[in-house]
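Heads up: the sequence shown is residues 0 to 160, going by numbering that gives the first Met the number 0.
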Amino acid sequence: MKKPISGFSKLNKSEKIEWLSKNSFSSDINIKNILLQYCNSNDKLQKLHDEFAENTISNFYLPFAIAPNFIINNKPYTIPMVTEESSVIAAASKSAKFWLDKGGFRASVLSTNKVGQVHFLYKGDYKTLKKYFDKIKPKLILDVSSITSNMNKRGGGIKSI
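Structure (structure tokens):
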């Protein structure tokens with residue numbers, strides 16, 4: 000087994016790549032060059048990418064494709080997609096083209112409410128539980144108010160329990 004490393008997050012990117020190269024790859028694989036070829040040549044942009052996650056050693060690229068000819072609610076759209084699967088883009092484009100002269104797609108917002116669930120085991124009487132739950136409902140909502148304050152300001156937050 001490899002010796003665990005302590006303080007890996009404190010290393011700079013070059014040191015992390017060097018450690019990875021020495022500890023995870025055979026000497027005939029130049030992992031450093033492989034990783035660096037995916038780094039952005041724009042240093043400012045690369046720095047931004049490096050800050051997305053801890054222990055960043057490179058970037059992971061996927062093709063950025065588009066599916067044209069979508070009509071959604073009578074408006075034309077070109078849909079951007081990121082995937083490694085070319086048939087997904089092809090299928091989306093084909094379906095958009097198929098529906099293009101048939102009125103396209105229709106979409107509507109049914110609700111902006113999200114349903115959350117809490118599961119627990121209770122073998123007692125349902126009415127007793129319901130009565131207790133109704134009694135503590137205001138306290139439960141109050142106890143999470145620090146988490147939901149911004150949602151509440153925008154008209155959201157917990158609506159019911």
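Built from N, CA and C at the ideal position, the CB exists for glycine as well.
Source: prediction; values computed, not measured.
Only exposed fits residue 146, as fewer than 16 other CB atoms lie within 10 angstroms of its CB. For the region 95-145, the continuous alpha helix (DSSP H) assignments of 4+ residues that do not extend past its boundaries occur at 125-142, in sequence order. Under the three-pair Cβ rule at 8 angstroms, the region 122-139 does not count as touching the region 85-104.
When the beta-carbon positions are compared, residue 22 and residue 1 come within less than 7 angstroms of each other. Per DSSP, the unbroken alpha helix (DSSP H) holding residue 33 starts and ends at 30-35. Between the beta-carbon of residue 91 and that of residue 66 there is about 4 angstroms, and that keeps the pair under the 8 angstroms contact cut.
In the three-state reduction of the DSSP assignment, residue 69 falls in the strand class, which pools E and B.
Here residue 13 is exposed: its Cβ has fewer than 16 other Cβ atoms, across all protein chains shown, within 10 Å. Rounded to the nearest angstrom, the gap between the Cα atoms of residue 157 and residue 117 is 14 angstroms.
When C-alpha distances from residue 114 are compared across 47, 11, 30, 159, the shortest belongs to 159.
For the set 79, 62, 58, the Cα lying nearest the Cα of residue 68 is the one of 79.
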